[in-house]
Amino acid sequence: MGNQETRVEDPDTGVQSTKKSGIPAPREIPQSISRERVSLRDQQKSSTAKKMVTSASTSSLSTLSKHSRGSVKTKAETVAFDKTLLESQVRELLAEAKTKEFEISKLRMELQRHKGKDSSSEPGTPEGNSEIKGTPAQSGDIQVLVGELREKNGRCQRELATLREENQALKQKLITLESSTTLVTSSRKHSVNGVFPDNTTSDAVNGSHLKTTGDTKGSPLHSSESSEFEKIPSLSDSVSSSIKSVVPSGTVKELSVESLTDRIQKMEESHHSTAEELQATLQELADQQQVVQELTAENERLVEEKGLLQTSLQQQRERVELLAQQNESLLQRLREQAQCNEAEASRASRIAELEQRLAEQVESSHFEREKLVDIQQQLTGSLRALEMENQETDIAVKSLKEEVELLQGHLEGEKVAKDEAVRKAEEQRLATEALRAESASLKAQVEVERQKIAELKAVQSASDNTELQSLLKAAHEDRDKLELSCMELRQELQQVEADRQQLLERVEKQEQDHKANMLALEEKNSDAENQIKDLKETIFELEDQVEQQRAVRLHTNQTILDLENQIKRLEENKAELEKQIKAMNKQMKDETEEWRRFQADLQTAVVVANDIKVEAQQELRTLHRRLQEEQEHSARLASELEQIQGARITTGPAFEASKTAVEGR
Numbered sequence: 001m002g003n004q005e006t007r008v009e010d011p012d013t014g015v016q017s018t019k020k021s022g023i024p025a026p027r028e029i030p031q032s033i034s035r036e037r038v039s040l041r042d043q044q045k046s047s048t049a050k051k052m053v054t055s056a057s058t059s060s061l062s063t064l065s066k067h068s069r070g071s072v073k074t075k076a077e078t079v080a081f082d083k084t085l086l087e088s089q090v091r092e093l094l095a096e097a098k099t100k101e102f103e104i105s106k107l108r109m110e111l112q113r114h115k116g117k118d119s120s121s122e123p124g125t126p127e128g129n130s131e132i133k134g135t136p137a138q139s140g141d142i143q144v145l146v147g148e149l150r151e152k153n154g155r156c157q158r159e160l161a162t163l164r165e166e167n168q169a170l171k172q173k174l175i176t177l178e179s180s181t182t183l184v185t186s187s188r189k190h191s192v193n194g195v196f197p198d199n200t201t202s203d204a205v206n207g208s209h210l211k212t213t214g215d216t217k218g219s220p221l222h223s224s225e226s227s228e229f230e231k232i233p234s235l236s237d238s239v240s241s242s243i244k245s246v247v248p249s250g251t252v253k254e255l256s257v258e259s260l261t262d263r264i265q266k267m268e269e270s271h272h273s274t275a276e277e278l279q280a281t282l283q284e285l286a287d288q289q290q291v292v293q294e295l296t297a298e299n300e301r302l303v304e305e306k307g308l309l310q311t312s313l314q315q316q317r318e319r320v321e322l323l324a325q326q327n328e329s330l331l332q333r334l335r336e337q338a339q340c341n342e343a344e345a346s347r348a349s350r351i352a353e354l355e356q357r358l359a360e361q362v363e364s365s366h367f368e369r370e371k372l373v374d375i376q377q378q379l380t381g382s383l384r385a386l387e388m389e390n391q392e393t394d395i396a397v398k399s400l401k402e403e404v405e406l407l408q409g410h411l412e413g414e415k416v417a418k419d420e421a422v423r424k425a426e427e428q429r430l431a432t433e434a435l436r437a438e439s440a441s442l443k444a445q446v447e448v449e450r451q452k453i454a455e456l457k458a459v460q461s462a463s464d465n466t467e468l469q470s471l472l473k474a475a476h477e478d479r480d481k482l483e484l485s486c487m488e489l490r491q492e493l494q495q496v497e498a499d500r501q502q503l504l505e506r507v508e509k510q511e512q513d514h515k516a517n518m519l520a521l522e523e524k525n526s527d528a529e530n531q532i533k534d535l536k537e538t539i540f541e542l543e544d545q546v547e548q549q550r551a552v553r554l555h556t557n558q559t560i561l562d563l564e565n566q567i568k569r570l571e572e573n574k575a576e577l578e579k580q581i582k583a584m585n586k587q588m589k590d591e592t593e594e595w596r597r598f599q600a601d602l603q604t605a606v607v608v609a610n611d612i613k614v615e616a617q618q619e620l621r622t623l624h625r626r627l628q629e630e631q632e633h634s635a636r637l638a639s640e641l642e643q644i645q646g647a648r649i650t651t652g653p654a655f656e657a658s659k660t661a662v663e664g665r
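The following block contains the structure:
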C-alpha cells in the first residue's frame, strides 16, 4: 500500500466498485497473477477432495473417536491460524499506514523545498531574473510532478476508503468465526452419544486453511459423508434385530442346541461390541466436554483479542482520518504550488523581456561609458581652462583691490586736502571779515579824520596854517597807507576766494571721480564674484557627474559579475534538479510496479475472503443439518441401548440355562 501506482486522475473521484466483502478491486490484474491464483485454487480443491476421500474410508468406532479428537485439535488450530492471519493483516495495515505517513512527510519536505526555492529567487532582483531563466525549461517536468502528486493524493483517498471497507470485512469475519465457534460448542454440548465424523472436521479444517473451494465439488463429498454416517445405525439395527430374534426364539420355539449356541455367541459378540461402543462413546463424551471447556476458554480469549483488534482498528481509522486531513492539506498546498507555477509561467515572458532589456541596457551602458569618458576628458580640459581663467580673474581682482586701496588712499588724501582747504577758506573768510571790520574801522577813522580835517580846516583859519598843514600831511599819509593796506587786503581776499573756489571745484571733481571709480570697481568685483560662483558650481557639477559615472560603472561591473555567478548557480541547480527528477521517475516506476503487485495480492485476498465467507455459510448450514442428524442418531442409540439392556435383563436366566446345557453337553 505504501508503493502506489501513479496515474493522472481527479482526486475527487469516488471509491471503486466493490465485491461481496466491500473491498474495492483493482482495475487491472496481470495475467500471470490470475493464472497463479487459479492454479492455487485448483491445488486447494484437489487437496480438499483427497482429504475428504481418505477421511471417508475409516468406519470403525475407534477411528471415529480418534478422528473426532483430531477434528477438535484441527478446529483449534484453524481458529489459531485465523487469529494469526488477522494479526498479520493488522500488522500489514499498520506497516502500510507507517509507509503512508513516510510518504506524506516526504511530500511535505519536497513541498517545503520547492517553496524555499521559490522564496529565495525573488523576481525583482537581477539574481531572481537570471534564476528564472531555467524555469521555462523545467515547467513541463514540474507540471508532471504536480499531476503525479495529485494522483497520489487521489490514490491515498481511495486506499483509505478501501481500508475502511477492509476493516468492516474483517469485523464481519470475526463475528462469523465467533458465531461458528459458539455453534460448534453448543452442538457438542447438546450431543449425548453422537460422534462427529472425521469428514466434517476435515471439511472445516480444509475450509479454514484453504481459502478457495468450489461449490460444485462439495455435493458429492457431503453425500459420501452422509453414507458413512448411515453405516453406524445399520450396525445397531442388526444387533437389536438379532436380540429380538433371540428372545422370541427362546420363548416361543424350541430350537436345537447348536443354533442356540451360535446365536448366543453372536449375542455375546454383539454385546461386547456394544459395550465397547458405549465405553468409547462415554470416553468421547468426556473428551468432548473437556474440548468444550477448552473451546470456551479459547472463545473468551478470542473475544478479548477481538476487543483488542477492534481498538486497534479504531486507532487505525483515526490514523486514516488524520492521514486524510494531511492529504487534504497537501492537496491545498499543491494547488497553491500550481498557482505559483502558473504565476511563474506568466512571469517567464516578462523575465525574458527584462533580460533582453538588461542586455540592451548593458550594451547602451558600454556606449554611454565611452561617451562619458569623452565627456569627462572634455570636462577636464574645460575645468583646467576655467581654473586658468579663475587664476587670471583672481590676479585681476587682486590688482583691482590694490587700485581700490590706492584710490582710497588718494581719496583720504583728497579728503585731508579738502579739510585743509576748507580750514584755509575758513581762515581766509575770518581774515576777510577781520579785514572788512578793519576797513570799516579805517573808514570810520577816515571819516573821523575827515571830520578832524574839517575841524582842523576850520581851526586853520583861526590858527596857524603850518601846523595844520603838517597835520594834514600826516593825516593824508596815514590815509594813503590805510588805502594801500585796504587795497592789498582786498586783493588777498579775492585771491583767497579764487583759491577757495578752485579747491571746492577740485574736491567735487575728485569726489565724482571717486564715486565713478567705486561704482566701476564694485561692478567688476560683483562680476568677478558671480563668475567665481559659476565656476565653483560648474566644478561641483562636474565632480558630481564624474562620481556618478564612476558609481554607475562600478554598479554595472558588479551587476555583470552577479549575473555571471547567478547563471553558474542556475546551471548547477538545473543539473541537480535533473538528477532528482530522474531519481524520482525511477522511484515512481518502482512504486508503480509494487503497487500493481499489491493490487493483485489484494484482489486475491478479496476473492479468498469472499470464498471463505461462502464456504463458512455452507459449512454452517451443513453443521446445522448434521447436528440434527446426530441428535436423531443419538436418540436412536439411546433407545436401542435401553432395549438391549431390557432384553439382557429378560434373557439373562435363559441365557444361563442354555449356557450350562451347552457346557454339560
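Position 512 of the sequence shown, counted from 1, bears residue number 512 in full-length UniProt numbering, the numbering being contiguous throughout.
Even glycine gets a Cβ: it sits at the ideal position worked out from N, Cα and C.
None of the values given here were measured: they were computed from a predicted structure.
Whole-number beta carbon distance between residue j and residue i, since they are thought to touch under 8 Å
{"i": "residue 449", "j": "residue 475", "result": "5 Å"}
{"i": "residue 432", "j": "residue 493", "result": "4 Å"}
{"i": "residue 514", "j": "residue 407", "result": "7 Å"}
{"i": "residue 166", "j": "residue 588", "result": "Rounded, the Cβ-Cβ distance is 25 Å, inconsistent with contact."}
{"i": "residue 503", "j": "residue 421", "result": "4 Å"}
{"i": "residue 164", "j": "residue 347", "result": "Between residue 347 and residue 164 the Cβ distance is about 44 Å, and since that is not below 8 Å, they are no contact."}
{"i": "residue 567", "j": "residue 393", "result": "In fact, because the Cβ distance is near 56 Å, the residues do not count as touching under 8 Å."}
{"i": "residue 162", "j": "residue 613", "result": "Not confirmed; about 18 Å, so no contact."}
{"i": "residue 535", "j": "residue 390", "result": "5 Å"}
Candidates the options: closest to residue i by CA position
{"i": "residue 608", "options": "169, 162, 113 and 392", "result": "169"}
{"i": "residue 437", "options": "159, 489, 479 and 274", "result": "489"}
{"i": "residue 548", "options": "165, 376 and 302", "result": "376"}
{"i": "residue 559", "options": "344, 358, 272 and 516", "result": "358"}
{"i": "residue 396", "options": "301, 327, 528 and 387", "result": "528"}
{"i": "residue 605", "options": "85, 539 and 506", "result": "85"}
{"i": "residue 443", "options": "297, 417, 405 and 485", "result": "485"}
{"i": "residue 540", "options": "380, 394, 642 and 496", "result": "380"}
{"i": "residue 509", "options": "565, 418, 109 and 447", "result": "418"}
{"i": "residue 387", "options": "311, 537 and 565", "result": "537"}
{"i": "residue 520", "options": "631, 313, 109 and 403", "result": "403"}
{"i": "residue 411", "options": "511, 423 and 345", "result": "511"}
{"i": "residue 173", "options": "310, 161, 314 and 101", "result": "310"}
{"i": "residue 495", "options": "424, 522 and 81", "result": "424"}
{"i": "residue 555", "options": "366, 385 and 99", "result": "366"}
{"i": "residue 447", "options": "470, 590 and 479", "result": "479"}
{"i": "residue 499", "options": "522, 320, 398 and 428", "result": "428"}
Residues near residue i in its chain [Cβ-Cβ closer than 8 Å; skip 5 each side]
{"i": "residue 445", "result": "482"}
7 Å CB neighbourhood of residue i in its chain, flanking five on each side removed
{"i": "residue 544", "result": "none"}
{"i": "residue 435", "result": "489 and 493"}
{"i": "residue 453", "result": "472 and 475"}
{"i": "residue 553", "result": "369"}
{"i": "residue 645", "result": "none"}
{"i": "residue 649", "result": "none"}
Local conformation of residue i per DSSP, three classes
{"i": "residue 60", "result": "Below a pLDDT of 50, predicted positions are generally treated as unreliable, and residue 60, at 43, falls in that range; the measurement from the model is reported next regardless. Residue 60 falls in the coil class under three-state DSSP."}
Residue i: CB within 6 Å of a non-hydrogen atom of the ligand NAD
{"i": "residue 478", "result": "Absence of the ligand NAD from the depicted structure is noted, as is the absence of any ligand whatsoever, leaving it without description."}
Cβ shell of residue i (< 6 Å), same chain only, five flanking positions each side left out
{"i": "residue 207", "result": "Per-residue confidence for residue 207 stands at a pLDDT of 40, beneath the threshold of 50, marking its modelled position as unreliable; no derived number is given."}
{"i": "residue 517", "result": "407"}
Any C-beta of chain C under 7 Å from that of residue i
{"i": "residue 356", "result": "In the displayed structure, chain C is absent; only one protein chain is listed."}
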